[in-house]
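Residue numbers (this note's numbering): 2 to 321. For every residue, glycine included, the Cβ atom is placed at its ideal position computed from N, Cα and C.
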């Protein structure tokens with residue numbers, strides 16, 4: 002059965018799949034990234050993981066993978082296939098596409114950004130399906146974005162289009178590792194909410210999910226923390242929609258798991274801020290933490306499209 006390898010490499014874990022030509026997830030696997038062992042070890046593990054997936058496909062599906070797609074965080078040179086920089090993985094200028102192609106017997110390999118790959122999947126087969134223009138914003142450890150236009154995701158001239166997390170929403174606010182002060186992700190990411198709620202409630206182990214539960218129970222301290230994050234996020238989103246004019250605004254990541262505790266006040270906060278702008282549909286992401294892996298598979302199938310194997314349009318049930 003024709004299939005491709007899909008790999009989504011995160012700061013703590015790697016998700017992988019074999020994806021069939023009809024979109025079926027033929028096999029799934031996960032493992033720790035192991036970044037504490039250093040960047041060279043992470044690269045070695047990625048290559049080993051991909052080789053294991055290739056072997057699994059050959060054994061269980063009758064032939065090796067036709068192509069591979071890998072999504073990684075940080076700054077990516079997609080044209081050259083180089084992972085330029087990733088702070089949470091500790092690497093610089095890793096020729097990941099060439100390394101994977103060599104390890105996988107010379108098959109085509111696509112290298113993409115993790116959030117843009119997730120946005121590609123949400124746009125084609127998830128919450129943005131059918132939208133000609135969308136913005137995908139996952140709220141996780143940080144905040145990034147994927148700008149979707151007519152079924153593709155914009156990388157930008159230098160590989161960092163969509164970095165909404167570094168829009169300054171609070172001038173002279175908290176310092177950000179990027180070098181600026183007051184960036185959106187310092188106020189509205191899951192990690193920022195966790196930090197603020199831990200300080201407010203006095204429990205160093207409290208996190209954003211705990212804050213959301215406290216909001217639902219009526220805790221005034223939690224509501225103050227939550228509203229600060231909502232207001233900052235709405236300011237950043239309105240800046241983005243003013244520039245990009247998306248038809249659909251897709252919110253994902255860990256913070257979106259709060260459901261309407263997040264979405265109801267966020268929709269209202271965005272609505273209050275727009276003036277001449279057309280209010281987009283603001284919806285939760287549909288694919289959860291599989292979006293990056295599914296997007297990596299779509300990147301791989303896109304490489305083969307000109308050879309007569311079109312990218313799948315909808316995912317099927319998982320088999321192992």
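task: Tell me, please, which residues DSSP counts as bridged to residue 87.
output: Indexing the chain shown from 1 puts residue 87 at position 86. Answer is 92, bridged to residue 87.
task: Determine the burial state of residue 106: buried for a count of at least 16 other Cβ atoms within 10 Å of its Cβ, exposed for fewer.
output: Within the chain shown, numbered from 1, the residue matching residue 106 stands at position 105. When all chains shown are included, residue 106 counts as exposed.
field: Cβ neighbours of residue 88 in the same chain (closer than 8 Å, five flanking residues each side left out)
entry: For the purposes of this step, residue 88 is taken as residue 87 along the chain shown, with counting starting at 1. Same-chain partners within the cutoff: 75, 178.
task: Classify residue 319 as buried or exposed, calling it buried when 16 or more other Cβ atoms lie within 10 Å of its own Cβ.
output: Within the chain shown, numbered from 1, the residue matching residue 319 stands at position 318. With a pLDDT of 40 at residue 319, under the threshold of 50, the modelled position of this residue cannot be trusted; read the value that follows with caution. The residue in question, residue 319, is exposed, as its Cβ has fewer than 16 Cβ neighbours within 10 Å.
message: Does residue 80 come out as helix, strand or coil in the three-state DSSP assignment?
response: Here residue 80 refers to the residue found at position 79 when the chain shown is read from its first residue. Note: residue 80 maps to coil in three-state DSSP.
query: For residue 29, which residues does DSSP report across the bridge?
result: Counting from 1 along the chain shown, the entry for residue 29 is found at position 28. Paired residue(s): 18.
message: On the DSSP bridge list, what partners appear for residue 9?
response: Residue 9 sits at position 8 when you count from the first residue of the chain shown. DSSP output for residue 9 lists 16, 72 as bridge partner(s).
task: Would you check if the distance between the CB atom of residue 298 and the CB atom of residue 70 is smaller than 7 Å?
output: Against the chain shown, residue 298 aligns to sequence position 297. Against the chain shown, residue 70 aligns to sequence position 69. Contact: yes.
- prompt: For residue 4, which residues does DSSP report across the bridge?
  reply: Here residue 4 refers to the residue found at position 3 of the chain shown. The partner list for residue 4 (beta bridge, DSSP) reads 21.
message: Please classify residue 11 as buried or exposed, where buried requires at least 16 other C-beta atoms within 10 Å of its C-beta.
response: On the chain shown, position 10 is the one that residue 11 refers to. By the 10 Å Cβ count, residue 11 comes out buried.
message: At 4 residues or longer, what runs of the alpha helix (DSSP H) sit wholly inside the segment 222 to 278?
response: 261 to 274
query: Are there three or more Cβ pairs, one per stretch, closer than 8 Å when the segment 277 to 297 is compared with the segment 14 to 29?
result: yes
- request: Could you have a look at residue 159 and say whether DSSP puts it in helix, strand or coil?
  value: Counting from one through the chain shown, the residue named residue 159 turns up at place 158. Here residue 159 sits in coil by DSSP.
- prompt: Who pairs with residue 138 in a beta bridge, going by DSSP?
  reply: As a first step, residue 138 must be located in the chain shown, where it is residue number 137. Partner(s): 252.
Residues bridged to residue 170 [DSSP beta-bridge criterion]: Reading the chain shown from its first residue, position 169 is the one you call residue 170. Note: residue 170 sits in no beta bridge, so no partner.
- request: Could you tell me the distance, in whole angstroms, from the CA atom of residue 3 to the CA atom of residue 54?
  value: In the chain shown, counting from the first residue as 1, residue 3 sits at position 2. In the chain shown, counting from the first residue as 1, residue 54 sits at position 53. Answer to the nearest angstrom: the Cα atoms are 14 Å apart.
Residue burial classification, residue 276 (beta-carbon count within 10 angstroms, cutoff 16): As a first step, residue 276 must be located in the chain shown, where it is residue number 275. When all chains shown are included, residue 276 counts as exposed.
message: Within a Cβ cutoff of 7 Å, which residues of the same chain sit near residue 223, ignoring the five residues on either side of it in sequence?
response: Taking the chain shown and counting its residues from 1, one reaches residue 223 at position 222. Cβ neighbours of residue 223 beyond the five flanking positions: 198, 212, 215, 216.
query: How many angstroms separate the CA atom of residue 245 from the CA atom of residue 237?
result: Here the question's residue 245 lines up with position 244 in the chain shown. Here the question's residue 237 lines up with position 236 in the chain shown. Whole-angstrom Cα-Cα distance: 12 Å.
CB-CB length for residue 185 against residue 144, believed under 8 Å: Within the chain shown, the letter at position 184 stands for residue 185. Within the chain shown, the letter at position 143 stands for residue 144. Yes, residue 185 and residue 144 are in contact; Cβ-Cβ is about 6 Å, under 8 Å.
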